[in-house]
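Protein chains: 2
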Amino acid sequence: MAKIKKLTREQIVQVAMEMFDSEGDAGFSMRKLAGKLGVDPMAIYHHHANRNALISEVVQAYLSQRRIPTRSGDWRVDIRELCQSLRGLAKSHPNIFRLYQAHDTWVPEESRISEAFHTILLDAGFESQTVVRGVRLLSNYTESFAVDELAGWYKPLDDSDRAQLVQTVSADTHPAMTRLMDDIGTADAEADFAFGLDVIVRGLEAELVGD
Amino acid sequence: MAKIKKLTREQIVQVAMEMFDSEGDAGFSMRKLAGKLGVDPMAIYHHHANRNALISEVVQAYLSQRRIPTRSGDWRVDIRELCQSLRGLAKSHPNIFRLYQAHDTWVPEESRISEAFHTILLDAGFESQTVVRGVRLLSNYTESFAVDELAGWYKPLDDSDRAQLVQTVSADTHPAMTRLMDDIGTADAEADFAFGLDVIVRGLEAELVGD
DNA sequence: ACCTGAACACCGTTCAAGT
DNA sequence: ACCTGAACACCGTTCAAGT
């Protein structure tokens, strides 16, 4: 698209990020990126080793946008805010969040977010192993919820979804789900997320009292 | 490889499943599958509409292998067993499990597993909405744990991983993680999974008592 | 009905060449 | 040092043709 006189690593990452943001994985290729930069496809390889390395940079740039919320003093509140901030990041750039999830190469920025989680639970007084496990549990929950939310799992079912579900879920083969159909059909991402977070936080609290 | 006189939908799915099982996503393509079947690539399209439809069939065949554990009478035990059976399925065929995770088209077999979850929590006496939310929380937890486990996140760090981590996690920028390094470095998938499950089950229990 | 073969519109990446 | 261009070894899928 816009011709750039001299390529830089950063410009390439920037444009790649915009492409992912607006079009998602399907809209991105090294060749399309080159086209957007007004450059031969192979020019990119002079600045980034390959596709995967470039994507690591995109993910890194994406994660560095994330603001860590300030502490309140109550670990339950802080954990909730940190999880919500991660979910917010996911929702603000769904396509790049999906890219981050699918990208299995580790990226340094992840440790900044991880540190915030660890600090909160450590200060709350959990023992070391519980802190480590609790962080994994919480970040796991938040990220997988966000993935499902972005995939549209927490929207109320529309007519065609419901029809498809009713087709396979009949009263004799799926009595429980049939009884629960009203609650399965209606979903509220906000309340559902808060519910799971409450369950986990409550479960963790017991580890603290049990000392 | 082996020449088949007449293609059937089932044979195609079977061979595709074996390819995914042994080689994963990278080792599969419609053309390679055709090669394995000793047939022109386009012959497959006579039996399956396209790549995505074929993969739905593979996922469906995979999920139908899953045995639902018998009930014990204690919902806490039953939930644990059901989650472990899902995790077991993931570990027995990691590549197909990853395929299932990445595949965003809904597949009927999913509802069989879902029904088992709903039944347990419903029988345990939770109210409707809590059942639905609890099932989502538990299956979410189990699947995302399995994904991480298969990606190697719950293996103790080897020397190169540790070196990479120490490089970005220094005492002044990451004090909490530095303190916790021993517990971050050692991980035990079995115990870590049980921990998370306990936390969630304990958190759910409160919903029952709170009535 | 079932399969083939050529063709289309793509990929990521290597390698030799240009400035 | 930085970029180009041709080439390689792939993709999924359409379409017309063969049996």
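Chains as they are written, first to last, in this note's numbering: chain A, 146 to 356; chain B, 146 to 356. Every residue, glycine too, gets a C-beta built ideally from N, C-alpha and C.
Proximity to residue i [Cα-Cα], best of the options
i: Q210 of chain B; options: B:I258, B:S305, B:D303, B:K151; result: B:I258
i: Q205 of chain A; options: A:A188, A:M326, A:D249, A:A334; result: A:D249
i: L358 of chain B; options: B:E272, B:D328, B:N240; result: The structure shown does not extend to residue 358 of chain B, since chain B is modelled only from 146 through 356, so no value can be given for it.
i: D219 of chain B; options: B:D170, B:T264, B:H238; result: B:T264
i: R281 of chain A; options: A:K177, A:C228, A:I157; result: A:C228
i: F338 of chain A; options: A:T153, A:T313, A:H193, A:V292; result: A:V292
i: N240 of chain A; options: A:I345, A:E168, A:A334, A:V314; result: A:E168
i: A188 of chain A; options: A:A198, A:R347, A:M175; result: A:M175
i: Y207 of chain B; options: B:K151, B:E155, B:V314; result: B:E155
i: A87 of chain B; options: B:I157, B:V184, B:G172, B:R225; result: Chain B is shown from 146 up to 356; residue 87 of chain B falls before or after that span and cannot be answered.
i: A261 of chain B; options: B:L234, B:P214, B:N285, B:E335; result: B:P214
i: G297 of chain B; options: B:D327, B:D333, B:F340; result: B:D333
i: A351 of chain A; options: A:D327, A:A336, A:A171, A:G270; result: A:G270
i: L266 of chain A; options: A:Q246, A:A198, A:V346; result: A:V346
i: Q312 of chain B; options: A:D317, A:E254, A:S237; result: A:E254
i: G183 of chain B; options: B:K151, B:L199, B:R212; result: B:K151
i: N285 of chain B; options: A:T275, A:Y299, A:V276, A:Q274; result: A:Y299
i: S315 of chain B; options: A:S256, A:L325, A:H192; result: A:S256
i: L325 of chain A; options: B:D170, B:S305, B:Q274; result: B:Q274
i: L283 of chain B; options: A:Q159, A:V344, A:Q246, A:D304; result: A:V344
Residue i burial status per 10 Å Cβ neighbour count (16 or more: buried)
i: H319 of chain B; result: buried
i: S289 of chain A; result: buried
i: R278 of chain A; result: buried
i: D223 of chain A; result: buried
i: A235 of chain A; result: buried
i: R212 of chain A; result: exposed
i: T153 of chain B; result: exposed
Proximal residues to residue i (C-beta, below 6 Å), its chain only, five neighbours per side dropped
i: M146 of chain B; result: Any reading at M146 of chain B must be qualified, since the residue scores a pLDDT of 44, below 50, and its modelled position is unreliable; no value is offered.
i: S201 of chain B; result: T250, V252
i: L231 of chain A; result: T287
i: R221 of chain A; result: V346
Whole-angstrom C-beta distance between residue j and residue i, which should lie under 8 Å
i: L310 of chain B; j: L302 of chain B; result: 7 Å
i: L394 of chain A; j: A161 of chain A; result: The displayed coordinates of chain A run from 146 to 356. Any statement about residue 394 of chain A would go beyond what the structure contains.
i: G348 of chain A; j: G348 of chain B; result: 4 Å
Residues near residue i by beta carbon distance below 7 Å, same chain, minus five either side
i: I329 of chain B; result: M322
i: R196 of chain B; result: M175
i: F165 of chain A; result: F173, V203, N240, I241, L244
i: R225 of chain B; result: L342
i: H238 of chain A; result: D166, Y207
i: S217 of chain B; result: D223
i: S305 of chain A; result: none
Same chain, Cβ closer than 8 Å to residue i, neighbours up to 5 away in sequence not counted
i: D185 of chain A; result: A179
i: R307 of chain B; result: G330
i: Q246 of chain B; result: E288, V292
i: H191 of chain B; result: L152
i: V276 of chain B; result: H263, L266, L267
i: D170 of chain A; result: N240, R243, L244, A247
Give, in chain order, every residue of the region 332-353 of chain A whose Cβ lies closer than 9 Å to some Cβ of chain B. A332, A336, D337, F340, G341, D343, V344, I345, V346, R347, G348, L349, E350, A351, E352
Pull out every residue of the region 214-246 of chain B whose Cβ sits closer than 7 Å to any Cβ of chain A, in chain order. none
In chain order, what residues of the region 317-328 of chain A put their CB closer than 8 Å to some CB of chain B? T318, H319, P320, A321, M322, R324, L325, D327, D328
Under 7 Å (Cβ pairs) to chain A, residues found in the region 252-267 of chain B: P253, S256, S259, E260, H263, T264, L267
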